[in-house]
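Everything below concerns the one structure shown next.
Protein chains: 2
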Amino acid sequence: MAQEAGVSPATVSRCLNTPAAVRSDKRQRVEDAVRKLGYVPHGAARALASKRSRMIGAIFPAVDNALFGCALEVFQQELAHEGYTVVVAASGYDADLEARHVRNLLQNGIDALLLVGTARSPDIYRLIAARQIPYVAVWRSDQTSEHPCIGFDNIAAAEHLTDYLVDLGHRRFVMFSGQLDGNDRAQDRVEGVRRSLDRHGIPLPANAILERPFGVDEGREMFRLVMTENPAPTAIICGSEPFAYGAVFEAAERNIAVPDQVSIAGFDDLWLASQLSPALTTVRTPQREIGQEAAKYLLARLKGDRIAPPRPLETHLIIRKSTAPPPAAL
Amino acid sequence: MAQEAGVSPATVSRCLNTPAAVRSDKRQRVEDAVRKLGYVPHGAARALASKRSRMIGAIFPAVDNALFGCALEVFQQELAHEGYTVVVAASGYDADLEARHVRNLLQNGIDALLLVGTARSPDIYRLIAARQIPYVAVWRSDQTSEHPCIGFDNIAAAEHLTDYLVDLGHRRFVMFSGQLDGNDRAQDRVEGVRRSLDRHGIPLPANAILERPFGVDEGREMFRLVMTENPAPTAIICGSEPFAYGAVFEAAERNIAVPDQVSIAGFDDLWLASQLSPALTTVRTPQREIGQEAAKYLLARLKGDRIAPPRPLETHLIIRKSTAPPPAAL
DNA sequence: ATTATTTTTGAAAGCGCTTTCAAAATTAGA
DNA sequence: TCTAATTTTGAAAGCGCTTTCAAAAATAAT
Numbered sequence: 004m005a006q007e008a009g010v011s012p013a014t015v016s017r018c019l020n021t022p023a024a025v026r027s028d029k030r031q032r033v034e035d036a037v038r039k040l041g042y043v044p045h046g047a048a049r050a051l052a053s054k055r056s057r058m059i060g061a062i063f064p065a066v067d068n069a070l071f072g073c074a075l076e077v078f079q080q081e082l083a084h085e086g087y088t089v090v091v092a093a094s095g096y097d098a099d100l101e102a103r104h105v106r107n108l109l110q111n112g113i114d115a116l117l118l119v120g121t122a123r124s125p126d127i128y129r130l131i132a133a134r135q136i137p138y139v140a141v142w143r144s145d146q147t148s149e150h151p152c153i154g155f156d157n158i159a160a161a162e163h164l165t166d167y168l169v170d171l172g173h174r175r176f177v178m179f180s181g182q183l184d185g186n187d188r189a190q191d192r193v194e195g196v197r198r199s200l201d202r203h204g205i206p207l208p209a210n211a212i213l214e215r216p217f218g219v220d221e222g223r224e225m226f227r228l229v230m231t232e233n234p235a236p237t238a239i240i241c242g243s244e245p246f247a248y249g250a251v252f253e254a255a256e257r258n259i260a261v262p263d264q265v266s267i268a269g270f271d272d273l274w275l276a277s278q279l280s281p282a283l284t285t286v287r288t289p290q291r292e293i294g295q296e297a298a299k300y301l302l303a304r305l306k307g308d309r310i311a312p313p314r315p316l317e318t319h320l321i322i323r324k325s326t327a328p329p330p331a332a333l
Numbered sequence: 004m005a006q007e008a009g010v011s012p013a014t015v016s017r018c019l020n021t022p023a024a025v026r027s028d029k030r031q032r033v034e035d036a037v038r039k040l041g042y043v044p045h046g047a048a049r050a051l052a053s054k055r056s057r058m059i060g061a062i063f064p065a066v067d068n069a070l071f072g073c074a075l076e077v078f079q080q081e082l083a084h085e086g087y088t089v090v091v092a093a094s095g096y097d098a099d100l101e102a103r104h105v106r107n108l109l110q111n112g113i114d115a116l117l118l119v120g121t122a123r124s125p126d127i128y129r130l131i132a133a134r135q136i137p138y139v140a141v142w143r144s145d146q147t148s149e150h151p152c153i154g155f156d157n158i159a160a161a162e163h164l165t166d167y168l169v170d171l172g173h174r175r176f177v178m179f180s181g182q183l184d185g186n187d188r189a190q191d192r193v194e195g196v197r198r199s200l201d202r203h204g205i206p207l208p209a210n211a212i213l214e215r216p217f218g219v220d221e222g223r224e225m226f227r228l229v230m231t232e233n234p235a236p237t238a239i240i241c242g243s244e245p246f247a248y249g250a251v252f253e254a255a256e257r258n259i260a261v262p263d264q265v266s267i268a269g270f271d272d273l274w275l276a277s278q279l280s281p282a283l284t285t286v287r288t289p290q291r292e293i294g295q296e297a298a299k300y301l302l303a304r305l306k307g308d309r310i311a312p313p314r315p316l317e318t319h320l321i322i323r324k325s326t327a328p329p330p331a332a333l
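Read top to bottom, the protein sequences are chains V and H.
The first sequence runs contiguously to residue 333 in my numbering.
The second sequence runs contiguously to residue 333 in my numbering.
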């Protein structure tokens with residue numbers, strides 16, 4: 004290659020990596036030779052010599068649903084465009100498995116890492132710090148955290164949704180939450196609901212918060228459970244949309260009128276929320292933007308910029324037909 | 004590292020890569036030193052020296068839905084377990100973008116490649132062949148194809164589903180299909196429907212096959228269109244489940260009784276099929292098995308085994324409440 | 001025109017591991 | 001026990017590129 008261009012290998016390398024450091028006559032000769040020979044740099048050789056792999060790791064709780072899959076697609080596209088390769092792993096909400104993936108990716112020499120949420124063992128963060136690579140925790144926004152976060156304020160979003168239901172007149176709430184242990188996003192959503200209800204002087208007993216693994220059938224089960232209570236709740240806040248789907252499906256099967264008898268609210272505004280009948284009131288979360296901002300942040304960090312993560316991304320309360328004022332005269 | 008173990012670097016390398024070629028006393032010393040030093044091989048150095056990257060590329064049309072996401076998760080887990088890294092890209096059903104991803108991955112020196120379907124430019128296959136790496140086309144099974152396929156017989160599955168509807172008494176069919184151009188799986192499903200109806204002497208005019216990009220709203224639109232026909236069809240076969248979701252949702256909104264007035268059948272048995280009301284009759288396709296078999300096949304090929312892809316995986320007709328005999332006395 | 005400064009370039013070293021080949025060690029057979 | 005065959009091991013080379021440093025070339029200042 005260098006021979007064909009009539010320059011040294013060092014000049015070829017400079018033309019490809021720092022073109023401004025090469026005079027244009029030589030640069031032209033190199034470009035011609037690249038074209039003529041169809042030259043493609045050998046990734047491993049570059050990684051070895053430069054001590055940078057140009058690979059970025061991304062560990063999601065799951066990739067088989069639209070929530071994380073959407074962010075992953077955007078993330079991958081942005082980084083591919085800048086010559087980076089994204090290596091994906093799924094943890095299944097299992098902290099041990101996630102830790103294993105982190106170790107494995109670090110061993111593979113990734114240049115940067117995307118993680119979901121901040122709740123994890125300090126050992127993991129120490130491992131990452133020892134490698135001195137940039138990382139970012141997404142789906143959460145916590146300006147007090149020592150970890151760079153890109154996401155939205157789960158507390159405020161849940162609070163806002165709850166305020167809306169309170170303003171509709173609801174006073175009897177339950178919340179369907181994902182497992183709280185190790186899932187800071189789920190914890191934040193519960194916290195947001197608590198804050199709103201506290202602010203309004205509305206009690207939320209501990210047994211009004213039900214905790215299950217994410218899933219539609221779990222939503223169905225919780226719905227059956229709470230609707231047997233007397234008095235039954237008039238508003239159900241779901242910390243994740245599969246729960247809301249399950250609740251809506253179960254209500255239909257049991258001829259329980261939504262929202263006439265009970266309002267149901269979701270969280271995330273995935274594609275099915277607007278298709279259900281009644282269409283779900285929910286919080287729209289910025290999935291694409293998360294993928295995009297995470298890519299931009301890591302790219303900047305990899306360039307050596309000392310930037311802070313962006314301000315929290317916006318969520319929007321999306322009001323649809325699944326919520327209405329509570330039944331009168333109970 | 005080799006110094007710590009008191010052996011040569013070549014012996015360390017052999018202990019890690021071909022342990023049978025090392026006597027146990029030396030092997031023990033190397034294992035001790037690895038443990039003591041926390042030694043981890045440098046991936047790029049291994050790739051450069053061995054001319055194998057231990058990376059495997061996987062290009063899916065999309066990864067933000069359960070269909071491909073499920074297979075991806077299984078695929079990644081199997082390969083990670085054998086020390087391989089999976090690099091994922093999404094093509095958005097765009098042939099040019101897919102070609103770009105293929106080139107990029109080949110340039111990155113992947114050891115093997117997973118693709119979806121076989122319909123693509125011969126240039127792409129030539130590029131892959133030039134690199135002399137194993138590849139596999141999934142989601143299709145075609146024993147006559149020159150390309151190794153792992154999947155199921157889309158034709159037979161669609162035929163079987165159609166037979167079932169014919170046996171119920173249906174004679175007026177429409178099919179909602181994804182874009183046929185460049186999507187061999189979609190073509191096969193149309194072909195299967197045609198074969199069944201031909202075999203039963205039932206006409207399927209060209210305008211009874213509607214072609215749209217995949218999506219729920221597209222399913223809604225097609226449903227509205229065909230249900231204004233007089234006589235309207237009594238059975239709708241959807242080549243992909245989002246169409247079926249859309250049809251069911253639209254039927255509910257228009258007070259069209261499913262399956263009393265029109266039966267709706269899906270394809271793939273994704274998680275929502277069983278949750279809808281009425282629950283969808285559909286074809287269960289082996290998503291997990293595809294990911295698993297693809298991983299096993301590529302691993303064997305990378306080991307140098309000359310194996311054929313597995314026999315076609317099984318599909319199952321899943322009969323639920325969305326289908327019934329056609330309305331009597333029309 | 002000469003000198004000082006800056007920019008460009010090539011030679012050399014080396015990133016961390018694998019492979020090859022020949023020597024050393026071990027095992028098997030007579 | 002000796003010889004032949006096989007296995008194990010280490011030294012050396014090198015995978016393809018990047019980085020460093022010193023020399024060469026170009027530019028700026030006097």
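Just so it is clear, CB atoms sit at the ideal spot from N, CA and C, and this is done for glycine as well.
Discussion item. So if DSSP puts Tyr2/H in a beta bridge, which residue, or which two residues, is it bridged to?
Written reply: With chain H represented from 4 up to 333, any question about residue 2/H goes unanswered, as that position is not in the structure.
Discussion item. For Val43/H, count the other beta carbons within 10 Å of its own beta carbon; 16 or more makes it buried, fewer makes it exposed. Which is it?
Written reply: Note on Val43/H: under 16 other CB atoms within 10 angstroms of its CB, so exposed under the neighbour-count rule.
Item to complete: Kindly indicate the opening and closing residues of the alpha helix (DSSP H) around Leu40/V.
Response: Leu40/V -> alpha helix (DSSP H) spans 27-40.
Worksheet entry | Cβ of Tyr87/H within 8 angstroms of any chain V Cβ | Residue-level contact by beta carbon fails for Tyr87/H and chain V, as no gap is shorter than 8 angstroms.
Practice prompt. Just the C-alpha distance for Arg49/H and Ser56/H, rounded to the nearest angstrom, thanks.
Written response: About 8 angstroms.
Worksheet item: Thinking C-beta only, is Thr165/V closer than 8 angstroms to Ser144/V?
Response: With respect to Thr165/V, Ser144/V sits apart: the two C-beta atoms are not nearer than 8 angstroms.
Discussion item. Give me the residue from Lys29/H, Gly112/H, Tyr167/H with the minimum Cα distance to Ile239/H.
Written reply: That would be Tyr167/H, whose Cα lies nearest to the Cα of Ile239/H.
Practice prompt. Give every residue of the same chain whose Cβ lies closer than 7 angstroms to the Cβ of Gly249/V, excluding the five residues on either side of it in the sequence, and list them in chain order.
Written response: Excluding sequence neighbours, Gly249/V sits near Val219, Asp220, Glu221, Gly222, Arg223, Phe226.
Worksheet item: Can you find a CB in chain H that lies within less than 8 angstroms of the CB of Ser128/V?
Response: According to the sequence displayed, residue 128/V carries Tyr and not Ser. No, no contact with chain H.
Practice prompt. Run down chain H in chain order and give the residues with a C-beta less than 9 angstroms from the C-beta of Tyr248/V.
Written response: In chain order, Leu275, Gln278 make up the part of chain H whose C-beta sits under 9 angstroms from the C-beta of Tyr248/V.
Discussion item. Between Ala93/V and chain H, is any beta-carbon pair separated by less than 8 angstroms?
Written reply: Using beta-carbon distances, Ala93/V counts as an interface residue toward chain H, with a partner under 8 angstroms.
Item to complete: Would you give the residue range spanned by the beta strand (DSSP E) that Ser266/V belongs to?
Response: Per DSSP, Ser266/V is one residue of the beta strand (DSSP E) stretching across 266-268.
Fill in: Proximity test, Cβ basis, 8 angstroms: Ala1/H and chain V
This structure does not reach residue 1/H, given that chain H is present from 4 up to 333, and the question cannot be answered.
Discussion item. Please report whether the beta-carbon of Ser325/H lies at a distance below 8 angstroms from any beta-carbon of chain V.
Written reply: Chain V contact via Cβ: absent.
Worksheet item: Looking at chain V, which residues of the region 64-76 of chain H have a Cβ within less than 8 angstroms of any of its Cβ atoms?
Response: Flagged, chain order: Ala65, Val66, Asp67, Asn68, Ala69, Gly72, Cys73, Leu75, Glu76.
Item to complete: Within 10 angstroms of the Cβ of Ile310/H, are there 16 or more other Cβ atoms? Answer buried if so, exposed if not.
Response: Exposed: under 16 other Cβ atoms inside 10 Å.
Item to complete: Between the Cα of Ala161/H and those of Leu109/H, Ile321/H, Pro329/H, spot the shortest distance and give me the residue it belongs to.
Response: Here the closest residue by C-alpha is Ile321/H.
Item to complete: Mind listing the chain V neighbours of Gly112/H? Cutoff is C-beta to C-beta under 8 angstroms, in chain order.
Response: For Gly112/H, the chain V residues whose C-beta falls within less than 8 angstroms of its own C-beta are His45, Gly46, Ala47, listed in chain order.
Discussion item. Using a Cβ-Cβ distance cut-off of 8 angstroms, determine whether Val90/H contacts chain V.
Written reply: Chain V places a beta carbon closer than 8 angstroms to that of Val90/H, counting this residue as a contact.
Discussion item. So, under 8 angstroms CB-CB, Ala115/V and Arg291/V are touching, yes? Tell me the CB distance rounded to an integer number of Å.
Written reply: Going by Cβ atoms, the distance from Ala115/V to Arg291/V rounds to 20 angstroms, so no, they are not a contact pair.
Worksheet entry | CA nearest to the CA of Thr284/H, picked from Pro328/H, Ala298/H, Tyr300/H, Glu256/H | Minimum Cα distance to Thr284/H is reached at Pro328/H.
Worksheet item: Should Leu51/V be flagged as near chain H, meaning a C-beta pair shorter than 8 angstroms?
Response: For Leu51/V, the answer is yes, since a Cβ of chain H falls inside 8 angstroms of its Cβ.
Worksheet entry | Min CB distance Phe78/V to chain H below 8 angstroms | No - not a single Cβ of chain H is within 8 angstroms of the one on Phe78/V.
Worksheet item: At least one CB of chain H closer than 8 angstroms to the CB of Glu162/V: is that the case?
Response: By this cut-off, Glu162/V is not an interface position.
Item to complete: Would you check if there are 3 or more beta carbon pairs closer than 8 angstroms linking the region 117-124 of chain V to the region 8-19 of chain H?
Response: The region 117-124 of chain V, when compared against the region 8-19 of chain H, does not touch it at the 8 angstroms Cβ threshold.
Worksheet entry | Reduced DSSP category for Thr237/H - H, G, I as helix; E, B as strand; rest coil | Coil, per DSSP.
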